[in-house]
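J.: Residue numbers (the UniProt record's numbering): 1 to 123. Every residue, glycine too, gets a C-beta built ideally from N, C-alpha and C. I'd like to ask some things about the structure below.
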């Protein structure tokens, strides 16, 4: 399960020093997440609806009310290339709207193509 907890003096993300995100094998209140609609004006209207595939959403941690984010300035090099740090922090712009660092997209597989995704499918 993907989990997160409040930042403390001993628990924080290694590069950004913000709220860390970690994997655990135990189901608890730390593993509860909510998918929010991208437009803040329509969030209340779409609450409880299924999440549409291939559309941008904001994933928010239920316990801390912080959004899942990938800031592009914190990365490490591994065998797979650059790996960016995934953290729990809500980045807001001057209009109090979430920035693109908090946007996520659930991509489904294309059943007609063996290795393709729906995002690769021609329109």
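Leaving out the 5 sequence neighbours to the left and right, which residues in its chain are closer than 8 Å to residue 12 when beta-carbon positions are compared?
T.: So the qualifying residues of the chain are 18, 19, 20.
J.: What residues match up with residue 78 in a beta bridge as DSSP calls it?
T.: 81.
J.: According to DSSP, is residue 60 helix, strand or coil?
T.: Strand, per DSSP.
J.: Determine the closest residue to residue 30 out of 1, 57, 95, 14, with distance taken between C-alpha atoms.
T.: For the residues 1, 57, 95, 14, the minimum Cα distance to residue 30 belongs to 1.
J.: Just to confirm, is the Cβ distance from residue 54 to residue 90 under 9 Å?
T.: Contact flag unset, no.
J.: Let me make sure I understand the geometry here. Which of 48, 3, 73, 83 has the alpha-carbon closest to that of residue 28?
T.: When only C-alpha atoms are compared, the closest one is 3.
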